[in-house]
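What follows is a short report on a single structure.
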Amino acid sequence: MTLTSPPAAGTAAPPPAAAPALPRWTGPAAFTAVLLLALVVVPAVAPPFQINLYARYLCYALAALGIALAWGKGGMLTLGQGVFFGIGGYAMAMHLKLTEAGPGGLPDFMVWSGVTEMPLLWAPFASPYVALPAVVLLPGLVAAVLGWSVFRQRVRGAYFAILNQALAAAFVILLIGQQGLTGGSNGLTDFPVLLGVDLNRPESQLGLYVAVVLAVAAVYLALRAFDRSRLGRLLVAVRDGEDRVRFLGYDPTVVKTLAYTLSAMVAGLAGALFVPVAGIISPALFGVVPSIELVIAVAIGGRYSLAGAVAGALLLNLARTSFSEQFADGWLYLQGALFIAVIVFAPRGIAGLAASGRELLSRLRTRRTAAPAAGAPAEGGTP
Amino acid sequence: MTGTAPAARPLLEVRGLRVVFDGFTAVDGLDLTVAEGELRFLIGPNGAGKTTLIDVVTGLTRPAAGQVLFDGTELVGRREHRIVRLGVGRTFQTSVVFERLSVVENVDLAAAFRLGLPRLLRVRRGVSGTVAEALERTGLTALADRPAGELSHGQRQWLEIAMLLAQRPRLLLLDEPVAGMSRDERERTGELLLEIARDHTVVVVEHDMAFLRSYARTVTVLHEGRVLTEGDVAQVQADPRVREVYLGRRGAGDEPAVPAGGEVG
Numbered sequence: 001m002t003l004t005s006p007p008a009a010g011t012a013a014p015p016p017a018a019a020p021a022l023p024r025w026t027g028p029a030a031f032t033a034v035l036l037l038a039l040v041v042v043p044a045v046a047p048p049f050q051i052n053l054y055a056r057y058l059c060y061a062l063a064a065l066g067i068a069l070a071w072g073k074g075g076m077l078t079l080g081q082g083v084f085f086g087i088g089g090y091a092m093a094m095h096l097k098l099t100e101a102g103p104g105g106l107p108d109f110m111v112w113s114g115v116t117e118m119p120l121l122w123a124p125f126a127s128p129y130v131a132l133p134a135v136v137l138l139p140g141l142v143a144a145v146l147g148w149s150v151f152r153q154r155v156r157g158a159y160f161a162i163l164n165q166a167l168a169a170a171f172v173i174l175l176i177g178q179q180g181l182t183g184g185s186n187g188l189t190d191f192p193v194l195l196g197v198d199l200n201r202p203e204s205q206l207g208l209y210v211a212v213v214l215a216v217a218a219v220y221l222a223l224r225a226f227d228r229s230r231l232g233r234l235l236v237a238v239r240d241g242e243d244r245v246r247f248l249g250y251d252p253t254v255v256k257t258l259a260y261t262l263s264a265m266v267a268g269l270a271g272a273l274f275v276p277v278a279g280i281i282s283p284a285l286f287g288v289v290p291s292i293e294l295v296i297a298v299a300i301g302g303r304y305s306l307a308g309a310v311a312g313a314l315l316l317n318l319a320r321t322s323f324s325e326q327f328a329d330g331w332l333y334l335q336g337a338l339f340i341a342v343i344v345f346a347p348r349g350i351a352g353l354a355a356s357g358r359e360l361l362s363r364l365r366t367r368r369t370a371a372p373a374a375g376a377p378a379e380g381g382t383p
Numbered sequence: 001m002t003g004t005a006p007a008a009r010p011l012l013e014v015r016g017l018r019v020v021f022d023g024f025t026a027v028d029g030l031d032l033t034v035a036e037g038e039l040r041f042l043i044g045p046n047g048a049g050k051t052t053l054i055d056v057v058t059g060l061t062r063p064a065a066g067q068v069l070f071d072g073t074e075l076v077g078r079r080e081h082r083i084v085r086l087g088v089g090r091t092f093q094t095s096v097v098f099e100r101l102s103v104v105e106n107v108d109l110a111a112a113f114r115l116g117l118p119r120l121l122r123v124r125r126g127v128s129g130t131v132a133e134a135l136e137r138t139g140l141t142a143l144a145d146r147p148a149g150e151l152s153h154g155q156r157q158w159l160e161i162a163m164l165l166a167q168r169p170r171l172l173l174l175d176e177p178v179a180g181m182s183r184d185e186r187e188r189t190g191e192l193l194l195e196i197a198r199d200h201t202v203v204v205v206e207h208d209m210a211f212l213r214s215y216a217r218t219v220t221v222l223h224e225g226r227v228l229t230e231g232d233v234a235q236v237q238a239d240p241r242v243r244e245v246y247l248g249r250r251g252a253g254d255e256p257a258v259p260a261g262g263e264v265g
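Protein sequence lines correspond, in order, to chains A and B.
Going by the UniProt record's numbering, the letters in the first sequence line up with residues 1 to 383, in that order.
Going by the UniProt record's numbering, the letters in the second sequence line up with residues 1 to 265, in that order.
In C-alpha cells form, the structure reads like this:
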C-alpha cells in the first residue's frame, strides 16, 4: 500500500522549478515583441497566400496550447484532441453553410445527397448566437462528461491515451458514415460569408489572420494565468502524485476534468477559426493522424512550456510545408525521426533546451560577476 | 497534557475491523480507541497490520467488516479526500511530496483545500499565517522557496509533517516518521512530535524501539492483525508476549511468529 508518484516516461529530466534569474520585464517584453512581429511585420512582408498559411499554422498552435495544458501540466496524454478541434470546426462550418443557403434553404451537399428536410441537428446552428458559443461549449461539454466518467474510474496513463485515440477514430467513422448530415469524407466546404463579411476578399483573410493571432495571444495569457494560480499548481501536483493529492483533501477527478475540458474548449476554438481560414473542414484534417501530429509538435516544442507548444506547432508545420515541396514522401520519416530524437535526447523539447541554455548562461555570468565585485547587485555584464 | 486521562472523549474508535487481501487476513477483529488529545504509538512486527489500519482509517483500503468512527462519524465507505476534509490527515512511509513545486507551494496547497474553486483560480500572494506557522514549526522556513525535490530525506519527512499541520487536522496519523533518518534528525523529529501532540491528537506507527522509549506515552502493540496489548512504555516492554512476538519465538500453541519479524530497533 505504498504510494509512488509515477512520473510518465520521458520525465527523466524534470523542468527546473526555479527559473534562472532574468529581469522581470524579460517575459512581457518578449511577448510584446513576438506579438508585434506577428501583427505588424509579417503582414507587411509576407504575400497574402502565405498569410493564409500562417493563419492555419496558428490554428494548430492554438490546439497545441490546449495539449500543453492537459498533457504537459496535467499529465493527460490527449491523443485525440482532433475530436474537439473537429466539433468546433463543424459547429462553425454548419453555421457558415446555413448562412450560405439563406433562410429556409438547405446546404448544397444535402441537396446532392437527396436530403429534402432540414435535419434537427442542423437547425439551431443557423443562429450565430447558438453556433458561436457552441464552438467552445460543445467540445467543453463532451470533454467534461467524458473526463468526469473516465477520471472518476481512475483511468490514466496509456489507457487514457488509447481511449482518446479510439474516440478520434470513432468520431471520424461516424462523420464519414453520415454523408447526408456531415458531407461524409468530403466534409463541408465553400463558405463565402462570415457574420456578413465576404470571406473571399483579401482584406478578410488578413483580418482572419489578425483574429487568429489575437486568439493565440489571449489563450496563451489565460492559460499562463491558470498555470500560475493555485489550481495550476494543483494540476502539476496531480500529474506528479495523483494519489497523494487525495490526501491533501482534493478530488483529483475535478482538477483533471477541469483541465481536460479547458484544453478541449481551446481545441474547439482552434477548429472554429480554422474553418473560415482554410475554407474547408473534413475528417482528414483532424482524425487520428493529425491528432498524433499535434502531440508530436507539442513534444518537439516542449510540452512543459506553453510558448514551447506554440513554437513546436509553428515550426513543424513550416518544416512540413517547405520539406514536402522538395521530397513529398520524405516528410513522414523526418517527422518520426525528429520525434524520436526529441524523446531520447531532449524530453523537454526545444523549450527545455532553451531553458538549459539560459541557465548555463546565467551561471556563467554570476560566476564572472561574483568574483570581482562580491556583494554588488548581480547585473548581466556584457561579455 | 490531558492525553492519557481515560475520561477523555474518544476521537477515533475502531470496532471489529477485518481487512482481507486476496484471501490473506491482514487485520482480524481489531478494536482501538484513541481519545482526544492523545499521543498514541502503534507498534508491532512486520505484517501486524499497522499501516493497513491507517490505510483503512484514511479511506485507502476498504475493510471486509468493522466500523471506523471519527468523532462519531463513520469513515468506512468515504472517499479519501472527504475523510481529509473531516479532519483526518496522514503521512506516508515513503514521503511523497511534489518535487516540481517549491516547499512553500507544497504547504500552501495542503492549506488551501478549504478554499472554493474561484479562490483556487487566483495566484497565491505571499504566505498565509497557517503556512508560515507550519514552516516555522518544522524548521523549513529558510528552505521555503527551494524546489521540494532538492530536500534531503529527513527534510522531506518534515515537509510532509508541515503539509499535515497546514491542513489543521484534528487527528494526525504518522506512518514511520523517522524511518531512514539520522540520529540527529530522529531527535528533532521526536521533539517536533511532542510539540505537535500538545495541541493535536496524534497516532504514530513506528518500528524504532529507541525512538519509542524516548517519546512514547501510550503504546498499542499489534500482532497478526489484532491488538496484543496496550499500556505505557514500561508496561508494554515488560510484557512477555511482546518480547515473544518481537523476537520471533514460538509461543505455546501459537502459530509461528511472522517470518520477517525481527525488527527490534
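For every residue, glycine included, the Cβ atom is placed at its ideal position computed from N, Cα and C.
Going straight from the alpha carbon of residue i to that of residue j, what length do you get?
i: F158/A; j: V310/A; result: Looking at the sequence provided, one finds Ala at residue 158/A rather than Phe. Computed Cα separation, rounded: 24 Å.
i: A272/A; j: L316/A; result: 21 Å
i: H223/B; j: I87/A; result: 59 Å
i: G349/A; j: A134/B; result: 37 Å
i: E255/B; j: L53/B; result: Low per-residue confidence applies at E255/B: pLDDT is 40, beneath 50, and the placement is therefore not dependable enough to give any value.
i: V238/A; j: L117/B; result: 16 Å
i: T189/A; j: L132/A; result: 18 Å
i: V213/A; j: D240/A; result: 33 Å
i: T94/B; j: R79/B; result: 22 Å
i: V142/A; j: A134/A; result: 11 Å
i: Q179/A; j: G89/A; result: 17 Å
i: A341/A; j: I173/A; result: 33 Å
i: D22/B; j: A64/B; result: 11 Å
i: P48/A; j: V197/A; result: 18 Å
i: A252/B; j: T229/B; result: Caution applies to A252/B, whose pLDDT of 41 falls short of 50 and renders its modelled position unreliable; the model cannot decide the point.
i: A376/A; j: L58/A; result: With a pLDDT of 39 at A376/A, under the threshold of 50, the modelled position of that residue is not reliable, and the figure given next carries that caveat. For A376/A and L58/A, the distance between alpha carbons rounds to 44 Å.
i: A328/A; j: G177/A; result: 30 Å
i: Y246/B; j: R365/A; result: 59 Å
i: R56/A; j: E100/A; result: 22 Å
i: A167/A; j: S356/A; result: Note on residue identity: the sequence assigns Leu, not Ala, to residue 167/A. Each residue's alpha carbon lies about 37 Å from the other.
i: G126/B; j: D108/B; result: 10 Å
i: V136/A; j: I343/A; result: 32 Å
One question on the structure: do residue i and residue j come within less than 8 Å of each other, judged by their Cβ atoms?
i: F286/A; j: F85/A; result: yes
i: A267/A; j: G66/A; result: yes
i: R224/A; j: L306/A; result: yes
i: residue 289/B; j: V103/B; result: The structure shown does not extend to residue 289/B, since chain B is modelled only from 1 through 265, so no value can be given for it.
i: V219/A; j: L62/A; result: yes
i: L193/B; j: V202/B; result: yes
i: A110/B; j: A166/B; result: yes
i: L39/A; j: V210/A; result: yes
i: V254/A; j: L101/B; result: no
i: P124/A; j: M265/A; result: no
i: F323/A; j: L334/A; result: yes
i: Q67/B; j: V56/B; result: no
Nearest by alpha-carbon distance to residue i: which of the options is it?
i: R243/B; options: L86/B, G37/B, E36/B, P45/B; result: P45/B
i: A148/B; options: L171/B, R226/B, N106/B; result: N106/B
i: L294/A; options: P119/A, V83/A, T261/A, V115/A; result: V83/A
i: L39/B; options: V233/B, R241/B, A26/B, H81/B; result: V233/B
i: A284/A; options: M118/A, L121/A, S185/A; result: S185/A
i: Q155/B; options: V96/B, A210/B, L121/B; result: V96/B
i: G29/B; options: T218/B, Q235/B, D239/B, V227/B; result: V227/B
i: R186/B; options: R78/B, G16/B, L32/B, S214/B; result: S214/B
i: G139/B; options: L121/B, L159/B, V123/B; result: L159/B
i: L172/B; options: L32/B, T51/B, T33/B, V88/B; result: V88/B
i: P128/A; options: S282/A, L69/A, T116/A, L98/A; result: L98/A
i: G308/A; options: G207/A, A215/A, A346/A; result: A346/A
i: residue 384/A; options: K73/A, M94/A, Y60/A, A168/A; result: The structure shown has nothing for residue 384/A, since chain A only spans 1 to 383.
i: D31/B; options: R183/B, V178/B, T25/B, R18/B; result: R18/B
At what residues does the alpha helix (DSSP H) containing residue i begin and finish?
i: A55/A; result: 48–67
i: G129/B; result: 129–137
i: L269/A; result: 252–278
i: P290/A; result: 288–301
i: R152/A; result: 128–152
Start and end of the beta strand (DSSP E) containing residue i?
i: H223/B; result: 218–223
i: P283/A; result: Here P283/A belongs to no beta strand (DSSP E), and DSSP marks it neither H nor E.
| message | Please give the ranges of any beta strand (DSSP E) in the segment 39–84 of chain B, keeping only runs that are unbroken, at least 3 residues long and fully inside the region. | response | 39–43, 65–70
| Within the segment 134–199 of chain B, ranges of the beta strand (DSSP E) (whole runs, at least 3 residues) | Look at the segment 134–199 of chain B and you find these whole runs of beta strand (DSSP E), each 3 residues long or longer: 171–175.
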